[in-house]
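Numbering (this note's numbering), first residue to last: 4 to 1175.
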């Protein structure tokens, strides 16, 4: 909390006064009473073309070009429309504020005071607009007006408060005659008439599109009651804070339904209070993940599944505690919010869910819908008819919700739990012939897999190995170790060039060596014959036998073609000629429509390429062959060249075929070697050396059949799959025995848990069916939470309308109107409204204008409260008795914002303390530990290590197919001159191009995954976005990725605008380069400022499945002593990303992380006794 500088601590009155001052500045300048047209953020349509204006006001979508016919005015309006749309999208996404509006008419006046006078300029009528870009290059914008008409509520409130003038808003809106054609003139007339007593007030009829939001007036009109316990505690009242350190007592109302045995008015406290534990006040992370308490079905209520940490928070909330919860990314903050809201509503409490982020509010509603509670939470953002429909829907639900019959389901769950418990007990029963229990087998497996750099095979033996006696298994294990001692699994080519080759007899040895010698002799002859031909032809293929051979065969084909055609056929485009000489089907396949006259003309032109006297039966086939040969020739030559057919081609081709036959004969023998059997793909020099070595290495060949025979014996004993696994992973001799033990014990466990009848009736199909049925029944019971909640809601609704008849009538009257106002409803019928709608979702900025200024709710839940200031949420806090704040304090905190478009950057101020931090000074703290993101482990651990002190645990998931989820895209030669303003080398073209390439690659290869590009600075984000727009026009086949409305939209933004957003894949582009002398400037914009660590944490944690870091620097390019704040983390982060997530490896120079985990420390793993 920011306090005025003073030698003495601020009093409660001082803090409340400071809050009022902060509240008056929320959103910047008041656009509803003191609107000043921003240079870049307003479009004046007062003088628009009459026909276009009539179309717009009639509610039809209208383009700017239809409104403004002057080219200069239109160009300026388009530029401003871009700024307004960008600002409106930002406010909608980050603050939940719909700000783009058409102001129709303005009232202006001045109010004198002692220091001078205050000028007012207030829009009269407001209608929300949507600015839709049109054209591939955004040549125009379409303006779409919403049907909702608003009389400026700030103006209405000002006239009532300052001049005692009451405006009948509904009557004024009706006067516009919207149903029969919109006409604002009656409103202007009424306003002029009503405000005659207001000295100097003028009403003009201008039309301006800009950004407007009613923030200042509602916030300044708030009472902020100083007697409110939470507000007093926030203000520093020591006595009030003491009260929150005492565990609260539940005041829950009725809680019973078909699944509960309590009486309607019994308290639910006893069910939950025993399990409520607070995290140590010094460090919330000291206590690890909490186990989920095993409760009988009739003792719990859940509308959505929760883990132990989440259940502890729910229990504390039900017990009446206010608290703060640390919610790292992926740990289920929204899931917890839904569980809290539904559980509190189940015990009869009303909940206000507050989130400023559009995605957070949307996620909450979607989670409620998936829990079977669509429409149960009222969205405060909906207005008019939507709000009325939502409230009527709740009444309908309350009147019709039956009592759920859950007795049979509860009994089924209890029976299944009992059966599973019996199975658990059976795990500890000793099994023969092994003399161990299944639990002991698991322990031994755990001990084996816990060894650092220990065994990791996934091989399982077949029955033949299990049926061996202990002595026979020991013998097989010894033979395996003997093979390992001879280097069977670690031997390399450096030991013998025949390593890995397979020969089964001495005769095969002789033939293989003879072929190697013969092929080695043929290579020089082939080189001698091929090189002059290739050199004279102008071709420069790779120096491999295969590439040379293909080039020679191509020259042979070209030679055949030139027997028929002149060389000019290779110098002209043959596309039209191919179409003309081809069939109709061919022309259709290439999209070429051609008339008869044109075809005859082109066929005649094609014949001009024939050599004199040459005859050809199929001109199309000949031209097609020439076209393909030209393409291959271009690829080999690196550009267009005139084909040359030197002498010696037949001889060179003959040498190639002779050599190729020998190499192909050696291939099956060498296929299993590390270098493989593709001899034609090797460089000629390397091939010659390899063949020479193969021919000379006679000693290794002598023993090779014997080694092959030993390998066959082990395979016959059932170890074939293990041998392949050990050889593929090159397992060192020290742990080969443990690899055998791991495979054996895992197979024994599989046998005990599967087909072995000694496990009894609890195993096999019966146990799987019980477990599967239990999962289904458990899901059904959780899903029944929705019907239990609706039934409880029904009972409370029927009781409240019977007890509060006047309030019930007020609600009925309001719902008969077209535009029920929540403020009026909550003022006249607070009990009935909160019983009817026990859960509301709103943004913090809606609260003061939406609800009556009075305690209304039992609980307020603040989502992502680490980004909210106390002043912003004071109205929400004042309307509830209990507060639960969810947030992540490792991410960026609150930032001031402006409703208007302004070129000027907001003034730099010290970091603002969030409401989460303020509340954490005196409230109990909890933390969520378990991440539920389906992410590669390395991606999760990257942020876990660097930003969350390794406190996050992960849930094992199926393979995502994304490897480590980490990619390092190095941008070499990113050199430039420092900017004269910032002193930094920023946003170089080479890095922008690299980002565009990565985006296009993602759109082509991972189109099902959503994507965001995050940069450090807004300038780099703008340049990247512009370049991507050009790329979309250049590569239209990827445009659908960016236009798909079914998935999360593609975003390019800077790291200060990303909190609350996440995507499947994220490309993080640092956007800084070196000076032209190669020097690294050690400042990295906002990363080098206080709070830079939080910006970097936010960027890193936005990726769910894949993070690509684009950088002109590698980890060892930095001088760590010169880096500050978030920039100081860059060396380790870049090194870890480049290594694919291994913090012990720093592979400088790597372009893409492989995800390989390499350990530097060893451990004697053979200490574990493993033989059964």
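Here a beta-carbon is modelled for each residue, glycine too, at the ideal position from N, C-alpha and C.
Just so it is clear, the structure is predicted and the values come from calculations on it, not from any experiment.
Query raised in the report: Between 1071, 1095, 852, which lies nearest to residue 222 when the distance is taken from Cα to Cα?
Result: If we check each option's Cα against that of residue 222, 852 comes out closest.
Query - Boundaries (first-last residue) of the beta strand (DSSP E) holding residue 884 - result: From DSSP, the beta strand (DSSP E) with residue 884 extends over 883–890.
Query raised in the report: Using CA coordinates, which residue listed in 1045, 71, 246 is at the minimum distance from residue 2?
Result: There is no way to answer for residue 2, as the model of the chain reaches only from 4 to 1175.
Query raised in the report: Are the C-beta of residue 578 and some C-beta of chain D separated by less than 8 Å?
Result: Protein chains in the displayed structure number just one, and chain D is not present.
**Report entry** Buried versus exposed, by CB contacts within 10 Å (16 or more), residue 873
**Finding:** Under this definition residue 873 is a buried residue.
Query raised in the report: Which residues in the same chain have their Cβ closer than 6 Å to the Cβ of residue 135, if we skip the five residues on either side of it in sequence?
Result: Non-local C-beta neighbours of residue 135 in its own chain, meaning closer than 6 Å and more than five positions away in sequence, comprise 145, ordered along the chain.
**Report entry** the stretch 543–558 / the stretch 722–735 touching (three or more Cβ pairs under 8 Å)
**Finding:** By the Cβ criterion, the stretch 543–558 is not in contact with the stretch 722–735, since fewer than three pairs of Cβ atoms, one from each stretch, lie closer than 8 Å.
Query raised in the report: Exposed or buried, what is residue 2 when buried is set at 16 or more other beta-carbons lying within 10 Å of its beta-carbon?
Result: Nothing can be reported for residue 2, as the shown portion of the chain is limited to 4 through 1175.
Query raised in the report: Exposed or buried, what is residue 1176 when buried is set at 16 or more other beta-carbons lying within 10 Å of its beta-carbon?
Result: No answer is possible for residue 1176: the residues shown for the chain start at 4 and end at 1175.
Query raised in the report: Mapping DSSP to helix, strand and coil, what is residue 974?
Result: In this structure, residue 974 counts as coil in the three-state DSSP scheme.
Query raised in the report: What is the rounded straight-line gap between the Cα of residue 1071 and the Cα of residue 914?
Result: Near 24 Å, if we compare the C-alpha coordinates of residue 914 and residue 1071.
**Report entry** Nearest candidate by alpha-carbon position, reference residue 982, set 1051, 897, 1086
**Finding:** Nearest C-alpha to residue 982: 1086.
Requested in this report: Alpha carbon to alpha carbon, how far is residue 346 from residue 310? Give it in angstroms, no decimals.
Outcome: One C-alpha to the other measures close to 14 Å.
Report task. Please determine if the stretch 1000–1016 and the stretch 1104–1121 are in contact, where contact requires at least 3 C-beta pairs separated by less than 8 Å. Result -> Yes: the two stretches touch, three or more of their Cβ pairs being nearer than 8 Å.
Query raised in the report: Which word fits residue 266, buried or exposed, when buried means at least 16 other C-beta atoms lie within 10 angstroms of its C-beta?
Result: Here residue 266 scores only 34 on pLDDT, less than 50, and its place in the model should not be relied on; the value that follows carries that caveat. Sixteen is the threshold: since fewer than 16 other Cβ atoms of the shown chains lie within 10 Å of the Cβ of residue 266, the residue is exposed.
**Report entry** Buried versus exposed, by CB contacts within 10 Å (16 or more), residue 1174
**Finding:** Per-residue confidence for residue 1174 stands at a pLDDT of 42, beneath the threshold of 50, marking its modelled position as unreliable; no derived number is given.
Report task. Please report how far the alpha carbon of residue 710 lies from the alpha carbon of residue 1115, in whole angstroms. Result -> Near 51 Å, if we compare the C-alpha coordinates of residue 1115 and residue 710.
Query raised in the report: So, residue 725 versus residue 462, is the Cβ gap smaller than 8 Å?
Result: For residue 725 and residue 462, yes; Cβs fall inside 8 Å.
Query raised in the report: How do the stretch 770–781 and the stretch 481–490 stand: do at least 3 beta-carbon pairs fall below 8 Å, yes or no?
Result: The stretch 770–781, when compared against the stretch 481–490, does not touch it at the 8 Å Cβ threshold.
Query raised in the report: Relative to the alpha-carbon of residue 654, which residue among 533, 647, 578 has its alpha-carbon at the smallest distance?
Result: Nearest C-alpha to residue 654: 533.
Report task. Quick one: measure Cβ to Cβ for residue 541 and residue 640, integer angstroms, because I've assumed they're closer than 8 Å. Result -> The pair is a contact, with the Cβ atoms about 6 Å apart (cut-off 8 Å).
**Report entry** the stretch 655–674 touching the stretch 516–536, judged by at least three CB pairs closer than 8 Å
**Finding:** Because the criterion of three Cβ pairs below 8 Å is met, the stretch 655–674 and the stretch 516–536 touch.
Requested in this report: Consult DSSP for residue 59 and reduce its assignment to one of helix, strand or coil.
Outcome: In this structure, residue 59 counts as helix in the three-state DSSP scheme.
Query raised in the report: Taking the C-alpha atoms as reference points, what is the distance between residue 380 and residue 371?
Result: Approximately 8 Å, taken between the alpha carbons.
Requested in this report: Grab me the residues of residue 236's own chain with a C-beta within less than 7 Å of its C-beta, minus the 5 sequence neighbours each way, in chain order.
Outcome: Cβ within range, chain order: 243, 244, 247, 925.
Query raised in the report: Which runs of the beta strand (DSSP E) spanning at least 3 residues fall entirely within the stretch 986–1053, listed in chain order?
Result: The stretch 986–1053 contains these whole beta strand (DSSP E) runs: 1014–1018.
Query raised in the report: Cβ atoms of residue 745 and residue 460: under 8 Å apart, would you say?
Result: In this structure, residue 745 lies closer than 8 Å to residue 460 by Cβ.
Requested in this report: Could you tell me which uninterrupted beta strand (DSSP E) segments, each at least 3 residues in length, are contained entirely in the stretch 352–381, listed from first to last along the chain?
Outcome: The stretch 352–381 contains these whole beta strand (DSSP E) runs: 354–357.
Query raised in the report: Are the stretch 783–797 and the stretch 811–818 in contact at 8 Å, needing three or more beta carbon pairs?
Result: Contact between the stretch 783–797 and the stretch 811–818 is absent, because fewer than three Cβ pairs lie under 8 Å.
**Report entry** Exposed unless 16 or more other CB atoms sit within 10 angstroms - verdict on residue 19
**Finding:** The residue is buried, with at least 16 neighbouring Cβ atoms inside 10 Å.
Requested in this report: Pick helix, strand or coil for residue 136, following the three-state DSSP scheme.
Outcome: Three-state DSSP puts residue 136 in a strand.
Requested in this report: Could you give the DSSP three-state label for residue 108: helix, strand or coil?
Outcome: Secondary structure of residue 108 (DSSP, three-state): strand.
Report task. Assign residue 750 to one of three DSSP states: helix, strand, or coil. Result -> Residue 750 sits in a helix when the DSSP states are folded into three classes.
Query raised in the report: Can residue 200 be considered in contact with the ligand COA, in the sense that its beta carbon sits closer than 7 Å to one or more heavy atoms?
Result: Judged by which ligands are present, the structure shown has none, so any question about the ligand COA falls away.
**Report entry** Close beta carbons around residue 923, own chain, < 6 Å, minus the five adjacent residues each side
**Finding:** Counting only Cβ-Cβ distances below 6 Å, and skipping sequence neighbours, we find 327.
Report task. Would you mind giving the Cβ-Cβ distance between residue 846 and residue 214, rounded to the nearest angstrom? I have them listed as a contact below 8 Å. Result -> The Cβ separation is near 16 Å, so there is no contact.
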